[in-house]
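Position one of the sequence shown corresponds to residue 3 (the working numbering), numbered consecutively onward.
Where is the CB? At the ideal position from N, CA and C, for every residue including glycine.
Since this is a predicted model, take the numbers as computed values, not measurements.
A quick write-up on the structure given underneath.
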Amino acid sequence: MNTTLHHLRRTTLLASLLVALLWPMTSNAQTPASETFEPQAVGATSIWSVATSRVAPHLLPSVELVAHYADDPIELQRRSDSTPITQLVDEQYKLDVGLGVGFFDRVEVGLVLPVVLYQSGNAAAGLPAPNTIDLAEARGQVRFHLLDEQGLGLGAQLTGYLPTSDDAPYQSNGSAGALGSLIADYRSDGAYPWRVAANVGWALQSQTSNALLSTDDRLDVRLGAEATVVPDTVTLLLSGFGRWEALADPTRSVSAGYLGGARVRWGATGLSSTFGAGGSLSGGYGSPDVRVVASVGYAPSNGGSLGLSASSSADGCAGLPEDFDGFQDDDGCADPDNDADGVPDTRDNCPNVPEDVDGFEDADGCPDSDNDADGIADFNDACPDTPGTEKTSGCPFVDEDGDGIDASVDRCPNEAEDADGFEDNDGCPDADNDRDGIADADDACPDVPESVNGVDDTDGCPDEGDSAVRLSGDRIEILERVHFDTARATIKSRSHSVLEQVASVMKANADIRLLRVQGHTDSRGDEQDNLELSQQRAVSVKEFLIEQGVDAERLSARGYGESHPIADNDTADGRADNRRVEFHIIERVRADEGERGDP
């Protein structure tokens, strides 16, 4: 009968029972180690058997106890129909004791002592039954943290296999061996961090063979992932692991398994536990149908989070190892951005001085106190990115009207200053320095305003005599009445002087944008006739002011008839007071419109 050694019920590693029967059978037939699940020495820096690039903190020891159960890891099946014949190893209970310590946050040294607490099975085809209690191969480990850059981690690990018993069927190869592995992982931080890791290694071991199996060097591949679901407390775990025996039949030489579960951290005590279950992915030597794992570990830095923690650990950091860059090197934390300016130290030209983030060369990590290098600090520079002068508050000198006054302080940037010794620093030409309505070119006294009193009011010089007009609030008040021909709108010549003074006031006060001329009558006569007469008289006054040089757009006229009396129409004096002309300022230029107001 042809038989084969099959590892797991679903394995594809077959051998001929006939060959086994023809092979010389001895009680000391070689039975190579069958275990495919090898927990790391420091569970805090691993995903069960998958190593990460992280290492234990400097001189802080850790302990990890991993108990695992395997169902039918080695089963003998009939070649023709895969019918089970017997279980060489039926069920197995093991405890892996791991001890580890870190050095300089760059190296981790560990030792794993596997103990078979109980196993059962049967002898067959010249192969022995397993020992009920046994010692498996001890594993010594040295891991190196090589790189951690923006979440990407790289490392390397050397594992040595040391026989601990001369008679340990299926637990030892009988001689020392070594496994060299490269480690790569990627970490994403945040409130719910996660990590993925991969190990690829090559194992050197002495060749072993028996009637059913030959083994030699092997390829070792391990994959793992973890994701935090309860910050600082619960992390989900998933791992896969497999090996390919170099000298075995390539179609029947792969042993692979998987595990899924969770890690629970017990607050800040440094204690953590894992729970998981899995089985076989491809069958093979040492691949059980079912595997169950539980562990408890102690790591002083609470590193069981592998950096997957929103809070700090006992050494001040549950993330990257200390970078020893002269900045806070005693807290055990890597400081990838010493000055916390958002620019990693690897790209920061000023790693200990924060960038000012003002839109100017913010990627170099250095503060720029004077962006435009004009000698004026940015906080005092009105144009921090354009060179200027102190006189122009750090802005470039702009003088479009060519009057020598910078546009930033030139109130009339498109009109050149006349530089006549009068307010020459405001940048505006002063065609009428004294603002008396008489242009300087025609003003005999350009810096002294004309006194508008009817005496030589056009020469620009003050004269003796009282003025008949004054500017009061929102009105131009006249101190004498404007006279018209009876029942007509013709202005009598004796009133020309007072109206000329009103025109002078308007020309001297350019801030008056709109002046309304109001005409009023007494109550004698027809009301409609009075309204029309008052309108005609207001228009006559407006036209007179225009003739005196007042801009027509600054004037309006309106008659009110007898509707707004200010005195008693039953007396002659009252009626005389009601027959009047008033000048009301309707609109003035605001100061924030850039024009000058009253002198």
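Which listed residue (the options) has its alpha carbon closest to that of residue i
i           : options            : result
residue 2   : 485, 508, 447      : One cannot answer for residue 2 here, as it falls past the ends of the chain, which runs 3 to 601.
residue 297 : 111, 574, 239      : 239
residue 181 : 503, 407, 293, 142 : 142
residue 581 : 91, 520, 87        : 520
residue 221 : 114, 247, 500      : 247
residue 411 : 529, 193, 428      : 428
residue 43  : 77, 135, 72, 161   : 161
residue 209 : 183, 174, 383      : 174
residue 531 : 491, 518, 232      : 491
residue 461 : 474, 447, 469, 529 : 447
residue 147 : 167, 111, 163, 164 : 111
residue 260 : 291, 347, 479, 522 : 291
residue 559 : 544, 566, 549, 553 : 544
residue 194 : 564, 172, 535, 232 : 232
residue 468 : 482, 474, 475      : 482
residue 33  : 67, 50, 171        : 171
residue 136 : 91, 179, 113, 101  : 91
Residues sharing a beta bridge with residue i, DSSP
i           : result
residue 70  : 96, 295
residue 279 : 262, 294
residue 196 : 190, 229
residue 245 : 222, 257
residue 371 : Note: residue 371 sits in no beta bridge, so no partner.
residue 180 : 162, 206
residue 116 : 98
residue 60  : 104
residue 589 : 516
residue 110 : 104, 145
residue 52  : 49
residue 172 : Bridge partners of residue 172: none, in fact.
residue 136 : 118
residue 471 : 480
residue 501 : Partner(s): none; residue 501 has no beta bridge.
residue 157 : 147, 185
residue 486 : 493
residue 274 : 267, 299
residue 124 : Bridge partners of residue 124: none, in fact.
residue 201 : 185, 224
residue 91  : 76
residue 237 : 230, 265
residue 359 : For residue 359, which the question treats as bridged, DSSP gives no partner whatsoever.
residue 65  : 101, 300
Cβ neighbours of residue i in the same chain (closer than 6 Å, five flanking residues each side left out)
i           : result
residue 288 : 9, 36, 37, 38, 75, 257
residue 577 : 524, 571
residue 125 : 131
residue 106 : 60
residue 63  : 103
residue 198 : 188, 227
residue 350 : 367
residue 149 : 156
residue 430 : 413, 414
residue 183 : 159, 201, 203
residue 301 : 46, 64, 272
Spatial neighbours of residue i in its chain, beta-carbon cut-off 7 Å, leaving aside the 5 residues before and after
i           : result
residue 589 : 515, 516
residue 551 : 505, 509
residue 219 : 204, 205, 206, 207, 248
residue 388 : 374, 397, 398
residue 361 : none
residue 533 : 561, 563
Sequence-distant residues of its chain with Cβ nearer than 8 Å to residue i (five each side left out)
i           : result
residue 379 : 371, 372
residue 477 : 584, 585, 586, 587
residue 108 : 57, 146, 147, 323
Chain D contact for residue i (CB, 8 Å cutoff)
i           : result
residue 506 : The chain inventory of the structure shown lacks chain D, comprising one protein chain alone.
Should the stretch 91-98 be regarded as contacting the stretch 118-133, the criterion being three or more beta carbon pairs within less than 8 Å?
yes
Threshold first: 3 residues or longer. Then list the beta strand (DSSP E) segments lying entirely within the stretch 509-585, N to C.
514-522, 557-561
Counting Cβ pairs, one atom from each stretch, are 3 or more of them under 8 Å apart for the stretch 338-357 and the stretch 365-382?
yes
At least three beta-carbon pairs within less than 8 Å, the stretch 151-161 to the stretch 187-199:
yes
Touch test, the stretch 486-506 against the stretch 526-546, Cβ-Cβ under 8 Å, three pairs minimum
yes
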